[in-house]
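Going by our numbering, the sequence shown opens with residue 9, and the numbers climb by one from there.
Reviewing the structure listed below.
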Amino acid sequence: MKQGIHPKYYTDGIVCGTCGTVWKIGSTRPNLRVEICANCHPFYTGEQRIVDTAGQVDRFMRRLNIAQERQSERESRRASREQPKKKSLLKEIYGEETE
Numbered sequence: 009m010k011q012g013i014h015p016k017y018y019t020d021g022i023v024c025g026t027c028g029t030v031w032k033i034g035s036t037r038p039n040l041r042v043e044i045c046a047n048c049h050p051f052y053t054g055e056q057r058i059v060d061t062a063g064q065v066d067r068f069m070r071r072l073n074i075a076q077e078r079q080s081e082r083e084s085r086r087a088s089r090e091q092p093k094k095k096s097l098l099k100e101i102y103g104e105e106t107e
């Protein structure tokens, strides 16, 4: 084996950023970190919680609120446009019974 051509081998391990679990493994990169692991992921733990990475849940909720506001504005505009029609002049003069 030649000297000086192989990368340095670290045995520090991987650290989970959520629960702090450390796995001792070997790698060519020091200080590996993961956002979520099998010890804290809802799929493996069976817990019902939201894992929010990079604010995706907040962004979705903002988009949902905006869409609901637009829908209510459309409905109010549509309701204001659909005003009751005026009676015909003949019906105003002679009453409802004339045809």
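Using N, Cα and C, we set each Cβ at its ideal position, and we do this for glycine too.
Using the C-alpha atoms, what's the distance from C24 back to Q76?
-> 38 Å
Provide the residue span of the beta strand (DSSP E) that contains I22, from first to last.
-> Segment I22 to C24, the beta strand (DSSP E) holding I22.
Given a cut-off of 8 Å, decide if D20 and N39 are closer than it, judged by their beta-carbon atoms.
-> yes
Nearest-angstrom Cα separation, counted from R85 out to R78 = 11 Å
4 or more residues per run - each alpha helix (DSSP H) lying fully within the segment 47-73 | 50-53
Tell me R40's beta-bridge partners as DSSP assigns them.
-> Per the sequence presented here, residue 40 reads as Leu, with Arg not at that position. In DSSP, L40 forms a bridge with I22.
Do you know how far the Cα of R71 is from the Cα of G12?
-> 54 Å
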